[in-house]
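Taking it in order: structure first as structure tokens, then the write-up.
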Amino acid sequence: MPPAQSDTITVHFDGRKCIHARRCVLGLPAVFRPGTKGGWIFPDQAQAEEIARVIDACPSGALTYERKDGGLAETLPKVNVMRPWEDGPNELRGDIRIDGQDPRKRALLCRCGQSQNMPFCDNSHQDANFAATAALATADDKLAELDARDGPLTIKPTKNGPLMVSGNLEIIAGSGRPVATGTKFFLCRCGHSKNKPYCDGSHTKAGFEAE
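The sequence shown begins at 88 in my numbering and counts up by one.
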């Protein structure tokens, strides 16, 4: 859809990334009105700062914005973080680089193995009745002190295998509790690992296929 504009902000929406988490609809219902004929985003119904902060909360990156009032644009997180959703995807925030994609600050990555939009979540976990906890166990031996906590975070899907994540990363439980830190992780995306969110080689036995 074309950008929605007011005098102070331009809002972009990429429906291919959206999984209907509804952070926008619940945050500013006067601005984000799904189902409205002719367009569903009305940025003239709130201050640019309010809209920007609600969009910053969009986990998939489907919503982005450009300020026209000289206000603060979305900034890179000071800590690259991955947080799993209960029975759902892995949420990443940071300086995210994925081959063939524009750099982004927010992404939801499939971990059920069923997405038709790999490596991103498309809500297939719901129909698949995927089960995976967000209450990850803390691995004390993996809580290394990093020289830096930000910087480029490269996501590389391995053919028929896990996502290789390279760069400074802190993995946290759904509650925010630290679980692990490091500079290289292999994340399960087939849905069969017994050690989620990490790959344990189960994709081979399961016959998982994905570029």
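Just so you know, even glycine gets a beta-carbon here, dropped at the ideal spot from N, CA and C.
What you are looking at is a predicted structure, and each value in this text was computed from that prediction instead of being measured.
Cβ-Cβ distance between residue i and residue j below 9 Å
i	j	result
Pro254	Leu274	In the sequence on display, residue 254 carries Gly and not Pro. No, they are not a contact pair.
Thr268	Leu250	no
Gly248	Cys208	no
Gly187	Ala149	no
Ala135	Arg154	yes
Gln132	Val141	no
Leu223	Val266	yes
Leu252	Lys281	Residue 252 is actually Val in this sequence, not Leu. For Val252 and Lys281, no; Cβs fall outside 9 Å.
Lys246	Glu298	yes
Met88	Gly122	no
Buried versus exposed, by CB contacts within 10 Å (16 or more), residue i
i	result
Lys283	buried
Thr151	buried
Gly107	In the sequence as presented, Gly is not what sits at residue 107; that position holds His. When all chains shown are included, His107 counts as exposed.
Pro206	buried
Ser262	exposed
Gly175	buried
Ala219	buried
Gly173	One point to set straight first is that residue 173 is Glu, not Gly, in the sequence displayed. Per the 10 Å Cβ criterion, exposed.
Glu296	exposed
Asn177	buried
Gly200	buried
Asn210	buried
Ala194	buried
Pro171	buried
Gly181	buried
Arg198	buried
Ala91	buried
Pro244	buried
Pro130	buried
Integer-rounded CB distance, given that residue j should sit under 8 Å from residue i
i	j	result
Ile96	Ala160	The pair is not a contact, with the Cβ atoms about 10 Å apart (cut-off 8 Å).
Ile242	Arg184	7 Å
Ala260	Ala231	At roughly 17 Å, the Cβ-Cβ gap does not stay under 8 Å, so Ala260 and Ala231 are not in contact.
Thr320	Arg264	There is no way to answer for residue 320, as the model of the chain reaches only from 88 to 298.
CB contact check: residue i to chain D, cutoff 9 Å
i	result
Asp143	Reference to chain D is not applicable here, since this structure consists of a single protein chain.
Query - Three or more C-beta pairs below 8 Å linking the region 111-118 and the region 157-169 - result: no
Query raised in the report: Where in the region 206-293 do unbroken runs of the alpha helix (DSSP H), each at least 4 residues long, occur, reported from the N-terminal end onward?
Result: 211-214 and 289-293
Query raised in the report: At a cut of 8 Å, does the region 135-150 reach the region 89-104 through at least three beta carbon pairs?
Result: yes
Report task. Only counting runs of 4 or more residues, tell me where the alpha helix (DSSP H) segments fall wholly within the region 147-214, in order along the chain. Result -> 211-214
Query - Complete beta strand (DSSP E) runs within the region 89-144 (minimum length 3 residues, chain order) - result: 96-100
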